[in-house]
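Colleague: Here it is, the structure, as structure tokens.
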Ligand code: SF4
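In my numbering, the protein residues as written are 28 to 275.
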């Protein structure tokens with residue numbers, strides 16, 4: 028069985044980000060010459076202090092762009108990157124992973140915010156981020172969480188989607204993508220996953236994804252997403268493996 032490895036070590040050389048694990052970190056020069064620091068903000072939650080620090084970094088007239096996936100992007104001159112990374116770390120803010128790991132986890136507001144919610148989606152987003160941030164993977168991996176079937180986070184548009192069900196459980200969807208030339212919806216592989224079982228199931232899917240990418244690498248090339256692997260293996264391999272690990 029593939030053992031997942033986490034590696035969030037990288038260094039800023041003054042010109043580029045250096046990282047031995049193969050993860051692409053969200054610190055990149057833009058077409059206009061400014062540097063963009065894309066932050067990892069699971070569920071899109073920021074404290075007032077973190078917002079204040081971000082404001083200090085870009086300055087009064089500087090720009091913070093929000094991404095569709097809830098990750099703020101700070102736009103600053105290159106010579107400010109090193110000090111900005113220190114300020115961000117002091118405010119418990121980390122750069123987002125772009126390629127080769129789990130992307131910023133998307134979640135609707137969920138319980139305590141939305142009257143429709145059946146589950147604590149933000150707590151789950153933060154817990155999954157704590158467990159899987161910086162996990163070295165074949166390519167991008169996107170996770171989306173919705174608190175009810177209104178599905179504001181579009182769970183079928185992610186590699187893994189989780190939709191809250193009544194009584195604290197979640198349905199589990201895999202294999203979606205909303206980006207690229209061939210967007211597609213993921214498929215439901217399991218209902219009634221308990222909150223405690225969610226990270227177990229996610230871990231097993233990541234392992235199978237990494238194994239499948241390795242198995243079919245010659246055929247599929249470098250940028251292998253989960254749906255590419257599923258096209259080769261079929262859903263059953265994943266359904267059976269998740270069922271097995273949840274029964275243990
Ligand atoms: S998915 Fe449901 S719980 Fe989440 S914000 Fe939308 S309506 Fe509210």
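All residues carry an ideal CB built from backbone N, CA and C; glycine is no exception.
Count the C-beta pairs between the segment 33-50 and the segment 79-96 that are closer than 8 angstroms, then say yes if the count reaches three, no if not.
Modeller: The segment 33-50, when compared against the segment 79-96, does not touch it at the 8 angstroms Cβ threshold.
Colleague: How is residue 45 classed by DSSP in three states: helix, strand or coil?
Modeller: The answer is strand: DSSP assigns residue 45 an E or B state.
Colleague: Are the CB atoms of residue 133 and residue 187 nearer to each other than 8 angstroms?
Modeller: Not closer than 8 angstroms, so no.
Colleague: How would you label residue 32, buried or exposed, when you count the other beta carbons within 10 angstroms and need 16 or more for buried?
Modeller: Exposed, because fewer than 16 other Cβ atoms sit within 10 Å of the Cβ of residue 32.
Colleague: Tell me the DSSP bridge mates of residue 101?
Modeller: 64, 91, per the DSSP bridge assignment.
Colleague: What residues are listed by DSSP as bridge partners for residue 211?
Modeller: According to DSSP, residue 211 bridges with 204.
Colleague: Note down the Cα distance separating residue 124 from residue 114, rounded to an integer number of angstroms.
Modeller: Near 18 angstroms, if we compare the C-alpha coordinates of residue 114 and residue 124.
Colleague: Specify which residues have a beta carbon nearer than 6 angstroms to any heavy atom of ligand 1, listing them in chain order.
Modeller: Here the list is 135, 136, 137, 141, 143, 144, 173, 174, 175, 177, 178, 179.
Colleague: Taking the C-alpha atoms as reference points, what is the distance between residue 163 and residue 262?
Modeller: Their Cα atoms are separated by approximately 23 angstroms.
Colleague: Going by DSSP in three states, residue 125 sits in which element: helix, strand or coil?
Modeller: Here residue 125 sits in strand by DSSP.
Colleague: Given a threshold of 16 other Cβ atoms within 10 Å of its Cβ, counted over all protein chains shown, does residue 57 qualify as buried or as exposed?
Modeller: Result: exposed.
Colleague: At the level of alpha carbons, what is the spacing between residue 107 and residue 62?
Modeller: Taking the straight line joining both Cα atoms gives about 9 angstroms.
Colleague: In terms of residues, what are the limits of the alpha helix (DSSP H) holding residue 274?
Modeller: Unbroken alpha helix (DSSP H) run through residue 274: 262-274.
Colleague: I'd like the list of long-range same chain contacts for residue 105, defined as Cβ closer than 6 angstroms, with 5 residues on each side in sequence excluded.
Modeller: So the list reads 62, once near-sequence residues are dropped.
Colleague: Going by DSSP, what residues sit across from residue 55 in a beta bridge?
Modeller: Paired residue(s): 63.
Colleague: Over what stretch of residues does the alpha helix (DSSP H) that includes residue 161 continue unbroken?
Modeller: Premise fails: residue 161 is in no alpha helix (DSSP H) and is neither H nor E.
Colleague: Are at least three pairs of beta-carbons, each pair with one atom in the segment 217-228 and one in the segment 180-198, less than 8 angstroms apart?
Modeller: The segment 217-228 is in contact with the segment 180-198.
Colleague: For the beta strand (DSSP E) containing residue 173, list its first residue and its last residue.
Modeller: Here the beta strand (DSSP E) through residue 173 covers 170-173.
Colleague: Are the CB atoms of residue 89 and residue 73 within a distance shorter than 8 angstroms?
Modeller: No; because the gap between Cβ atoms is not below 8 angstroms, this pair is not in contact.
Colleague: Considering only residues of the same chain and omitting the five flanking positions on each side of residue 39, which have a CB-CB separation below 7 angstroms?
Modeller: So the list reads 54, 108, 109, 112, once near-sequence residues are dropped.
Colleague: Give me whichever residues DSSP pairs with residue 191 in a beta bridge.
Modeller: Bridge partners of residue 191: 197.
Colleague: Whose C-beta lies closer than 8 angstroms to the C-beta of residue 269 among residues of the same chain, with five residues either side of it excluded?
Modeller: So the qualifying residues of the chain are 199, 216, 217, 228, 231, 232.
Colleague: Only counting the same chain, and skipping five residues up and downstream in sequence, which positions put a Cβ closer than 6 angstroms to that of residue 49?
Modeller: Answer for residue 49: 127, listed in chain order.
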